[in-house]
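For reference, the structure discussed in these notes is given below.
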Amino acid sequence: MGLARGWVTAVRQGLIQYPKIYWMLFLSCACGSSGMWLSSLAVNLAPVGIATTLIGLQPIAVTLLGAVWYKRRLSLRIITGIAVAFCGTVLICLN
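Residue numbering for the sequence shown follows numbering that gives the first Met the number 0, beginning at 0 and increasing consecutively.
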């Protein structure tokens with residue numbers, strides 16, 4: 000699609016102007032691949048219910064990291080949801 004619409008030249012110009020994009024691409028590929036590998040390892044080594052529950056907490060971690068990164072305050076509703084999710088995970092892991 001990008002070849003048909005002529006986006007390749009725009010991407011090439013962006014890579015030439017901003018060489019830090021190479022690092023961003025490398026880190027995003029490396030982190031994504033290692034995350035999938037670690038998820039597979041967790042499912043292989045731990046009980047599947049516990050591993051999938053812990054993997055399911057990833058959006059919560061991303062929410063917290065985003066709040067810290069962008070220096071935003073979390074609302075009471077978000078904090079309550081995070082607490083409920085973590086309490087549910089603790090209850091599942093304790094059984």
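Ideal Cβ placement from N, Cα and C applies to all residues, glycine included.
I'd like the span of the alpha helix (DSSP H) that includes residue i, first residue to last.
i      : result
Ala-41 : 19 to 44
Leu-14 : 6 to 16
Gly-80 : 75 to 93
Gly-48 : 47 to 54
Let me make sure I understand the geometry here. Which of the options has the alpha-carbon closest to that of residue i?
i       : options                       : result
Thr-62  : Met-23, Gly-1, Ala-84, Ser-32 : Ala-84
Ala-82  : Ala-60, Ala-41, Tyr-69        : Ala-60
Gly-111 : Ala-3, Gly-87, Val-10         : Residue 111 is absent from the model: the chain starts at 0 and stops at 94.
Ser-38  : Met-23, Leu-56, Trp-22        : Leu-56
Gly-80  : Trp-68, Leu-44, Pro-58        : Pro-58
Cβ atoms of residue j and residue i: under 7 angstroms apart, would you say?
i      : j      : result
Leu-73 : Ala-66 : yes
Ile-20 : Leu-14 : yes
Would you say the segment 35 to 52 touches the segment 79 to 92, given that touching needs at least three Cβ pairs under 8 angstroms?
yes
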